[in-house]
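**Student:** Sharing a structure with you now.
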Amino acid sequence: MDYIGLSEQEIIRREALKELQTLGINPYPAAEYPVNIFSKDILDRFDDNNMPEDLLNVCLAGRIMTRRIMGNASFAELQDNKGRIQLYFRRDDICTGEDKTMYNTVFKRLLDIGDIIGVTGYAFRTQMGEISVHVKEFTVLSKSIHPLPIVKEKDGVIYDAFSDPEQRYRNRSLDLIVNPQVKSAFINRTRLTNSMRSFLNDKGYLEVETPILQPLYGGAAARPFKTHHNTLNQTLYLRIANELYLKRLIVGGFDGVYEFAKDFRNEGMDRFHNPEFTQMELYVAYKDYNWMMNLVEEMVERISIDLHGDTKVQLGENVIDFKRPWKRYTMYEAIQKFTGIDISNLSESELRQEARNLKVEIDDSMGKGKIIDEIFGTYCEKELIQPTFITDYPIEMSPLAKKHRSVDGLVERFEAICNGKEICNAYSELNDPIDQRERFEQQLLLAKRGDEEAMMLDEDFLKAIEIGMPPTAGLGIGIDRLTMIMTNSTSIQDVIFFPQMRPEKKAETFDESVFTELGIEEVWAKILFKAGYTSVKMLKEANPGKLHQILCGWNKKNKLGLQNPTPDQVSGWINS
RNA sequence: CGGCUCGUAGCUCAGUUGGCAGAGCACGUGACUCUUAAUCAUGGGGUCGAGGGUUCGACCCCCUCCGAGCCGACCA
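To convert, count from 1 in the first sequence and add 12; that's my numbering.
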């Protein structure tokens, strides 16, 4: 075994692994382990007066998280899928005969924090009152050869928390093991999608899957990731949205379809944006955006109750209340509320002047819609903490939304804003094929002017709309953002298991050939490098006697069991 | 893309007008048959993110680079 580059603790664990094998114990057994209970069930169902039968013969498995060894008796804490429970080991119970190896050697010396074991025994309460399992027999299920971060806790205070965000995100397994609140946030993420899914299924809508690899990207304004299909010799894009495909299914006669869609946008990353993220898109025929607002309220309120048993959710310093009905403002009303200015009847040049007065950054290329959006973004969005619907957006920003039934220049669109961030976006969908084509053509003009995010004209989609799409309400709801709110998370990285990270710096690439070319064995070349001799020049300048000592010492200290080089060999390297 | 902060032992963090690299936990050895941040004794463990510069001497000062976090810009 090659121990070079390992820490002392890693070497000790590998030695323990070997010793287990020498004792005839397989540290990675193949057989099923007959777990019959979880830690939490024991804690929940323990009853001093009327002990359930099955707690007298429990079999559970998990990871050793702490150990307190007191000679011939010990306590440990076992962490399984549902929590932790204390284990009590006594030498003479583990080893009923003369041979005390299983306790003295295997348990005390060869097991470590982080190892996965299975135990059988019975539940009891210690003199200090803690519900525990008295272990009669234990089985090594997986030896851990990488030391765990040690997190301690007393009276609810966490000591030495594993908290460096970089390490946590790069090594999520460790994060999940030692930070229970991380695990719980992810469990809540799944509970959230389960709640949403059953809500939609109960209404009879069909969950579907549509292409992630798309020949044309559409349905949102964003830059895509681009890839290539070899057989078709064709450029494909990772979808930025699935809207255009779901609408084709509406045309096809499904009256309610939805998809939990992983979308990809090739843009900046921050604590609200990850390049891949999840949206739930829903399309329902014969409905409009007013109907959809009611559905969103009902759905999100139910999710909050399913997760927290309450419509109120603590989020940082705020308490968000999802109780229906939510406040509703048109975009014009919202701007009037937060700036005091009524822009509903302004001409473009008047609007431009108001924007300048408000110190909103605008430039000449912006149309009326963009300026309004800019004012809203600067003055209104961050003020909206409680869930609020903003309705009736300028037409320029919304090429897939139906024109407003009564106000010129607007579309039937709403967003829900919560905690100062958009959580969903919905329209009465545009189903007029002539209008839709014109809107796409306007987008093409924008693209020609250099707007990288303008939508592409999708003939296949237009063809579908031309067949005839029923009036339809559509919704996209950001699952990551909603999860952040529901789990009191400040960063999207806390609700995505494996957030995108820059590649870690490569471990220094050492080309041992510079030494092996001198006739040095590879293993010694690596040790020389580890010992700080990183170039031939350094080697040549070294004292041969000292170098020999270093190598032999290294061999001994790390128990490598190598044949030491002779002093002559070492001076031979230096003089070669 | 810009500003600020950070990178030292497995983990959390100290550190020094610039003078042999520290603590707690973890780990090794010994003691202890109801502990719980177990305790007591004792011992090991470091390319101080990488590279360059200044200096007799750099973890520390300067430059470049890499990675991370926060804020802002851009963007949904």
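All C-beta atoms in this analysis are idealised placements derived from N, C-alpha and C, irrespective of residue type, glycine included.
As the structure is a computational prediction, the values presented were derived from the model and not from experiment.
#1: Name the DSSP bridge partner or partners of residue 166?
#2: Tell me whether residue 344 sits in a helix, a strand or coil according to DSSP, three-state version.
#3: May I ask which residues mark the beginning and end of the beta strand (DSSP E) holding residue 77?
#4: Provide the residue span of the alpha helix (DSSP H) that contains residue 56, from first to last.
#5: Please name the residue, chosen from 50, 138, 578, that lies closest to residue 100 on a Cα-to-Cα basis.
#6: Quick one: grab the DSSP three-state call for residue 316.
#7: Which value, in whole angstroms, describes the spacing of the CA atoms of residue 154 and residue 111?
#8: Is residue 180 closer than 7 Å to residue 172 when the C-beta atoms are compared?
#9: Alpha carbon to alpha carbon, how far is residue 325 from residue 331?
#10: Would residue 423 be called buried (16 or more neighbouring beta carbons within 10 Å of its own) or exposed?
#11: What are the boundary residues of the alpha helix (DSSP H) that residue 486 is part of?
#12: Contact check, residue 134 vs residue 70 under 8 Å by CB: the rounded distance?
#13: Going by other Cβ atoms of all chains shown within 10 Å of its Cβ, with 16 needed for buried, is residue 64 buried or exposed?
#14: Counting pairs of Cβ atoms below 8 Å between the stretch 411 to 422 and the stretch 360 to 372, do you hit three or more?
#15: In three-state DSSP terms, what is residue 154?
#16: When DSSP labels each residue in this structure, what does residue 298 get in the three-state scheme?
#17: Can you name the start and end residues of the alpha helix (DSSP H) that residue 193 belongs to?
#18: Exposed or buried, residue 246, counting other C-beta atoms within 10 Å across all chains shown (16 or more means buried)?
#19: Could you spell out the range, first to last residue, of the alpha helix (DSSP H) harbouring residue 268?
#20: Looking at the strands, I want to know which residues DSSP matches up with residue 436.
#21: Leaving out five residues on either side along the sequence, give the residues of the same chain with a beta carbon under 6 Å from the beta carbon of residue 299.
#22: Suppose only complete runs of 4+ residues qualify. What are the alpha helix (DSSP H) ranges in the stretch 334 to 421, listed by chain order?
#23: Is the Cβ-Cβ distance between residue 335 and residue 323 less than 7 Å?
#24: Let me check one thing: in DSSP terms, what residues is residue 330 bridge-paired to?
#25: Taking the C-alpha atoms as reference points, what is the distance between residue 497 and residue 318?
#26: Do residue 491 and residue 292 have their beta-carbon atoms positioned less than 7 Å apart in this structure?
#27: Does the distance from the C-beta atom of residue 104 to that of residue 148 stay below 7 Å?
#28: Using the Cα positions of residue 177 and residue 506, report the straight-line distance between them to the nearest angstrom.
#29: Is it a yes or a no for the stretch 254 to 266 touching the stretch 216 to 223, going by three-plus beta-carbon pairs under 8 Å?
#30: Quick check on residue 37: does DSSP put it in helix, strand or coil?
#31: Do residue 301 and residue 217 have their beta-carbon atoms positioned less than 7 Å apart in this structure?
#32: How many Å lie between residue 74 and residue 91 at the Cα?
#33: What does DSSP give as the partner residues of residue 146 in its beta bridges?
#34: For residue 423, which residues does DSSP report across the bridge?
#35: Whole angstroms are fine: how far does the CA of residue 15 sit from the CA of residue 272?
#36: Taking the alpha carbon of residue 358 as the reference point, which residue from 206, 421, 128 has its own alpha carbon closest?
**Tutor:** According to the structure shown:
#1: 169
#2: helix
#3: 70 to 82
#4: 51 to 57
#5: 138
#6: helix
#7: 23 Å
#8: no
#9: 6 Å
#10: buried
#11: From DSSP, residue 486 is part of no alpha helix (DSSP H) but of the beta strand (DSSP E) over 484 to 490.
#12: 7 Å
#13: exposed
#14: no
#15: strand
#16: coil
#17: 192 to 214
#18: exposed
#19: That residue, residue 268, is in no alpha helix (DSSP H); its beta strand (DSSP E) goes 268 to 276.
#20: 428, 489
#21: 485
#22: 343 to 351, 360 to 369, 380 to 391
#23: yes
#24: 327
#25: 14 Å
#26: yes
#27: no
#28: 10 Å
#29: yes
#30: coil
#31: no
#32: 5 Å
#33: 100, 134
#34: 405, 415
#35: 46 Å
#36: 421
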